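Visitor:
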Amino acid sequence: MKPDNYPVEPAHLWEHFYQFSQIPRPSKKEEAVRQYVVDLAEQGGHPWKLDEAGNLVISVAASSGREDRPTVIIQNHLDMVTVKTADKDHDFESDPLVLEVNDGWLCADRTTLGADNGLGAAAAVAVMTDNSVEHPPLELLFTVDEETGLGGALNLDASLLSGTLMLNLDTEDWNELYVGCAGGGGWQFARTFSTEPALEGSECWRLSLRGLAGGHSGVQIHEQLANAVKLLAECLREVPGLRIGAIDIGVAHNVIPREGNVEFLCPAGQQKLLQDKLNTCISRWKSYLPEADLGVEAQLESAAAKPALDEVDSLQLLDLISAWPHGAQSYSLAQPADLVDLSINLAVLRLADGELFLESSYRFFNDEQSLPLQQSVLALARAFDLEVTPDVGYPGWQPDFESPLLAQGIALHQKLFDFKPEVKAIHAGLECGILKGKKPDVDILSFGPTIRGAHSPSERLEIATVTPFWQYLKGLLADI
Numbered sequence: 001m002k003p004d005n006y007p008v009e010p011a012h013l014w015e016h017f018y019q020f021s022q023i024p025r026p027s028k029k030e031e032a033v034r035q036y037v038v039d040l041a042e043q044g045g046h047p048w049k050l051d052e053a054g055n056l057v058i059s060v061a062a063s064s065g066r067e068d069r070p071t072v073i074i075q076n077h078l079d080m081v082t083v084k085t086a087d088k089d090h091d092f093e094s095d096p097l098v099l100e101v102n103d104g105w106l107c108a109d110r111t112t113l114g115a116d117n118g119l120g121a122a123a124a125v126a127v128m129t130d131n132s133v134e135h136p137p138l139e140l141l142f143t144v145d146e147e148t149g150l151g152g153a154l155n156l157d158a159s160l161l162s163g164t165l166m167l168n169l170d171t172e173d174w175n176e177l178y179v180g181c182a183g184g185g186g187w188q189f190a191r192t193f194s195t196e197p198a199l200e201g202s203e204c205w206r207l208s209l210r211g212l213a214g215g216h217s218g219v220q221i222h223e224q225l226a227n228a229v230k231l232l233a234e235c236l237r238e239v240p241g242l243r244i245g246a247i248d249i250g251v252a253h254n255v256i257p258r259e260g261n262v263e264f265l266c267p268a269g270q271q272k273l274l275q276d277k278l279n280t281c282i283s284r285w286k287s288y289l290p291e292a293d294l295g296v297e298a299q300l301e302s303a304a305a306k307p308a309l310d311e312v313d314s315l316q317l318l319d320l321i322s323a324w325p326h327g328a329q330s331y332s333l334a335q336p337a338d339l340v341d342l343s344i345n346l347a348v349l350r351l352a353d354g355e356l357f358l359e360s361s362y363r364f365f366n367d368e369q370s371l372p373l374q375q376s377v378l379a380l381a382r383a384f385d386l387e388v389t390p391d392v393g394y395p396g397w398q399p400d401f402e403s404p405l406l407a408q409g410i411a412l413h414q415k416l417f418d419f420k421p422e423v424k425a426i427h428a429g430l431e432c433g434i435l436k437g438k439k440p441d442v443d444i445l446s447f448g449p450t451i452r453g454a455h456s457p458s459e460r461l462e463i464a465t466v467t468p469f470w471q472y473l474k475g476l477l478a479d480i
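Taking the UniProt record's numbering, the leading residue of the sequence shown gets 1, the next gets one more, and so forth.
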């Protein structure tokens, strides 16, 4: 059900976004939301095609008098990141989102909102369904599986597209135009440890961490948000007789881990020492963590005894976590200080029945600059006997500040809003880099309304930026 104060204008855009929010659309399971878009295309008489990867292209004829103008591709992805708080009962494969409006922001009840990139996708559908929008011939490209590795774009059949201009609606700062994005890659690591049953006289504890902000491992990596993997490992340092039994931290390669659990064994009688150490850690963290992370909480509770690693392997696992790089590694010398050139995210760590799984991803503008970081990570993998499975990488989108489409976009923004937009590159893996590689002749511009907290349950969309975003999109389409 829509909240009472759900926005109403622009009507087509907000209605389509609401419908998107009611259709589960995790990565790799976009069939239902794609069918929603296809049904609308068929109702309007617009032909559509699917490629083998599941990407959808809808052809929309030009408005009267604009038939001879160049074809414009409007590009968005259909899937969303699926993250919730521990206390929220929500199944992302079957449950609709519960929307809320708070102080001018649209959000969801303790889950991701899916404004990344659902708002852009809704705008593209609104262009198709709102007959008042004037536009040239359009190709609406809806990709799949963006959030788990840009799989849809990587496997796109580019022969479905003829346009040489592209508008990507997947950035998150209104009044900013983007002409470049980071590339990326990553790895999955595995190792099998021997386990031993709980020793007589030992106790089993579960340490849980909650209340961190988490967030997008690209656009928020410079904010120095805490990583739950690192903090939980820090808590376990110097625990006498520590034997780690289980770990469950993190959700996806592109999400800074915000919560998790570790189960461990130690000699009986250590509860006060453990609690004191935990209190000391919390106090220390709050002395330097950013404001968004100051809600951090940790809980220590007894757990059922289970087989665990021995003390040597447990210490080695903590050493691995401590040595693993995480965060911004270098900053751009040409752009503002918050533009990161190179970063890495220690994203997921799991241990169950002696089977270790670790996932980490990195982002770059210059692939050559990332080579020492890659070598460092692979050296750690060798030193700690980890099996390595590389993830499929993706290219960056090198900025083109001489782009004719950019010049047109700047001029229109100045005309509509009486000031020039900022022109930037973004430290995130937009699909633009991949699409540029598949269609080198395409001129790309990316923009969007303001979104904060993407990839976390605090994701929110600034409602006041949506109307000017829509006005700007319509203006560009009318001018091209």
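All residues carry an ideal CB built from backbone N, CA and C; glycine is no exception.
Just so it is clear, the structure is predicted and the values come from calculations on it, not from any experiment.
1) In its own chain, which residues sit with a C-beta less than 6 Å from the C-beta of A53, not counting the 5 before and 5 after it?
2) Bridge partners for F264 per DSSP, in chain order?
3) Provide the residue(s) that pair with W397 in DSSP beta bridges, ordered along the chain.
4) Can you name the start and end residues of the beta strand (DSSP E) that W105 belongs to?
5) Go through its chain and collect everything with a Cβ distance to L40's Cβ below 7 Å, but skip five positions before and after it.
6) Excluding five sequence neighbours on each side, which residues of the same chain lie with their C-beta closer than 8 Å to the C-beta of Q471?
7) May I ask you to report which of helix, strand or coil DSSP gives M128?
8) Does the beta-carbon distance from D116 to V81 come in below 8 Å?
9) From Q308 to E200, what distance separates their C-alpha atoms?
10) Hey, out of D170, P457 and L373, whose CA is closest to G433's CA?
11) Measuring straight from C-alpha to C-alpha, what distance separates E422 and F401?
12) With distance defined between alpha-carbon atoms, name the residue in V133, I221 and L273 nearest to residue 483.
13) I need the boundaries of the beta strand (DSSP E) containing residue 483, first residue and last residue.
14) Among residues of its own chain, excluding the 5 on either side of K306, which ones have a beta-carbon nearer than 6 Å to its beta-carbon?
15) Quick check on the DSSP output: what are the complete beta strand (DSSP E) runs of length 3 or more inside the segment 46-85, in order along the chain?
16) Given Q369, which residues of its chain have a CB within under 6 Å of its CB, disregarding the five upstream and five downstream residues?
17) Quick check on residue 494: does DSSP put it in helix, strand or coil?
18) Whole-angstrom Cβ separation of F92 and G354, contact assumed at under 8 Å?
19) What number of angstroms, rounded off, separates the C-alpha of L242 from the C-alpha of L265?
20) Which one of H455, E223, P449 and W205 has the shortest CA to CA distance from T465?
21) Just to confirm before moving on: does the CB-CB distance between V262 and I247 stay below 8 Å?
22) Can you grab the Cα-Cα spacing for the pair E238 / L333, in whole Å?
23) Might you give, ordered along the chain, the residues of its own chain that have their beta carbon closer than 7 Å to the beta carbon of K29, omitting 5 neighbours on each side?
24) Given P197, which residues of its chain have a CB within under 7 Å of its CB, disregarding the five upstream and five downstream residues?
25) Decide if E9 is buried, meaning its Cβ has at least 16 other Cβ atoms within 10 Å, or exposed.
26) Taking the continuous beta strand (DSSP E) assigned at S428, which residues delimit it?
27) Assuming G180 and P468 make a contact with CB atoms under 8 Å, what is their CB distance in whole Å?
28) If you scan the segment 144-182 from start to end, which runs of the beta strand (DSSP E) of 3 or more residues do you find wholly inside it?
29) Considering only the alpha carbon of each residue, which of S302, T143, S162 and G260 lies closest to C204?
30) Leaving aside the five residues before and after Y331 along the sequence, list all residues of the same chain whose C-beta is less than 7 Å from its C-beta, in chain order.
31) Distance, Cα to Cα, R460 vs P26?
32) Specify, as a first and last residue, the run of the beta strand (DSSP E) that F364 falls within.
33) Using C-beta distances below 8 Å, list every residue in its chain close to K2, excluding the 5 sequence neighbours before and after it, in chain order.
34) Going by Cα to Cα distance, which pick from G409, V392 and P267 is closest to D310?
35) Using a threshold of 8 Å, state whether the C-beta atoms of R66 and E134 are closer than that.
36) Are there three or more Cβ pairs, one per stretch, closer than 8 Å when the segment 379-399 is compared with the segment 134-146?
Guide: Working from what's here:
1) G152 and N155
2) W205 and I244
3) C181
4) W105 to A108
5) V125, M128 and T129
6) L416
7) helix
8) yes
9) In the sequence on display, residue 308 carries Ala and not Gln. Taking the straight line from one Cα to the other gives about 13 Å.
10) D170
11) 12 Å
12) Residue 483 cannot be examined here, being either before or after the span of the chain that is shown, 1 to 480.
13) Since the first residue of the chain shown is 1 and the last is 480, residue 483 is not available in this structure.
14) G245
15) 48-50, 56-60 and 72-77
16) L342
17) Outside the displayed range of the chain (1 to 480) lies residue 494, so it cannot be described from this structure.
18) Contact flag wrong, Cβ pair sits at about 30 Å.
19) 6 Å
20) P449
21) yes
22) 40 Å
23) E93
24) P307
25) exposed
26) Here residue 428 turns out to be Ala, not Ser, going by the sequence shown. A428 -> no beta strand (DSSP E), and no H or E assigned at all.
27) At roughly 23 Å, the Cβ-Cβ gap does not stay under 8 Å, so G180 and P468 are not in contact.
28) 165-168 and 176-181
29) S302
30) A337, L339, V340 and D341
31) 18 Å
32) E355 to F364
33) Y18 and L99
34) P267
35) yes
36) no
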